[in-house]
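Peer 1: In terms of the UniProt record's numbering, the sequence shown opens at residue 1 and continues consecutively.
Let me give you the structure first, and then I'll get to my questions.
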Amino acid sequence: MLCISLSACNHENKYQTGNYNMEINMYSQCKVNFNTGVISVLVKEDSTYRDTIEFSKEERSAIAEAFNKRKMFELKGHYAYAGDIVIMPPSTIDIKIFAGNKPKGEIRVFYDAEINKWFPFGTRYNVIKFTDELKKLIESKKEYKIAQQVSVKSSRGFLL
Numbered sequence: 001m002l003c004i005s006l007s008a009c010n011h012e013n014k015y016q017t018g019n020y021n022m023e024i025n026m027y028s029q030c031k032v033n034f035n036t037g038v039i040s041v042l043v044k045e046d047s048t049y050r051d052t053i054e055f056s057k058e059e060r061s062a063i064a065e066a067f068n069k070r071k072m073f074e075l076k077g078h079y080a081y082a083g084d085i086v087i088m089p090p091s092t093i094d095i096k097i098f099a100g101n102k103p104k105g106e107i108r109v110f111y112d113a114e115i116n117k118w119f120p121f122g123t124r125y126n127v128i129k130f131t132d133e134l135k136k137l138i139e140s141k142k143e144y145k146i147a148q149q150v151s152v153k154s155s156r157g158f159l160l
């Protein structure tokens, strides 16, 4: 009986589309829903550009494995990791983690945040490594590159 309840708890802590979802906001430009693959960019107040990123089964499995390995399911609340002090508005990657349909945790990682290579463990290490893996995957997609171009064109004159 104990084995059954422990395996049920372990099943809930594994990334599956029924258990978890992530919304990734890339540098305040493009928002990606990982489960659906929908990428959106606010073009004007009343207009949004939408597309769908096709994640392969292997890519989804790799991110799910990274999610589980980095124990993202343990995060509750808000986490923010920055590097040096910046004068300009920072570029961040924000990840909202949902368990079911309820918000579970929020992560904000600044573009210059680094892990301490002497201490390859802990929440900071896991969050930054997971964010790097997710960022690398999303930035490699042509749909993201197109959405980023749409964002830049729509904000012409407003970029610093």
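We put the beta carbon where it would ideally sit given N, CA and C, even for glycine.
Since the model is a prediction, treat every value here as computed from it, not as a measurement.
Under three-state DSSP, which class holds aspartate 132?
Peer 2: helix
Peer 1: For the segment 140–159 and the segment 106–123, state whether three or more C-beta atom pairs, one from each stretch, are separated by less than 8 Å.
Peer 2: no
Peer 1: Per the contact definition of three or more C-beta pairs closer than 8 Å, is the segment 65–75 in contact with the segment 118–129?
Peer 2: The segment 118–129 is in contact with the segment 65–75.
Peer 1: How long is the line joining the alpha carbons of aspartate 46 and phenylalanine 119, rounded to whole angstroms?
Peer 2: 47 Å
Peer 1: Please classify alanine 80: is it buried, with 16 or more other beta-carbons within 10 angstroms of its beta-carbon, or exposed?
Peer 2: exposed
Peer 1: Report buried or exposed for serine 61, applying the criterion of at least 16 other Cβ atoms within 10 angstroms of its Cβ.
Peer 2: Per the 10 Å Cβ criterion, exposed.
Peer 1: If you drop the 5 nearest sequence neighbours on each side, which residues of the same chain put their C-beta closer than 6 Å to that of serine 154?
Peer 2: Cβ neighbours of serine 154 beyond the five flanking positions: Val43.
Peer 1: For glutamine 148, I'd like the list of residues in its chain whose CB is within less than 7 Å of its CB, leaving aside the five on either flank, ordered along the chain.
Peer 2: Gln29 and Cys30
Peer 1: With DSSP collapsed to three states, give me the class of cysteine 9.
Peer 2: Because the pLDDT at cysteine 9 is just 48, under 50, the model does not fix this residue reliably, and the value given afterwards should be weighed accordingly. In this structure, cysteine 9 counts as helix in the three-state DSSP scheme.
Peer 1: Pull up the distance between the alpha-carbon of lysine 96 and that of valine 150, whole angstroms please.
Peer 2: 23 Å
Peer 1: Mark phenylalanine 18 as exposed unless 16 or more other C-beta atoms lie within 10 angstroms of its C-beta, in which case mark it buried.
Peer 2: In the sequence on display, residue 18 carries glycine and not phenylalanine. Answer is exposed; the Cβ neighbour count stays below 16.
Peer 1: On the DSSP bridge list, what partners appear for valine 127?
Peer 2: Per DSSP, none; premise fails for valine 127.
Peer 1: When you compare the CB positions of isoleucine 93 and lysine 135, do they come within less than 7 Å of one another, or not?
Peer 2: yes
Peer 1: What do you get for isoleucine 85, buried or exposed, if any count of 16 or more other CB atoms within 10 angstroms of its CB means buried?
Peer 2: Around the beta carbon of isoleucine 85, a 10 Å sphere encloses fewer than 16 other beta carbons of the protein chains shown; the residue is thus reported as exposed.
Peer 1: So what's residue 173 in DSSP terms, helix, strand or just coil?
Peer 2: Within the shown structure, residues of the chain are numbered from 1 to 160, placing residue 173 beyond reach of any answer.
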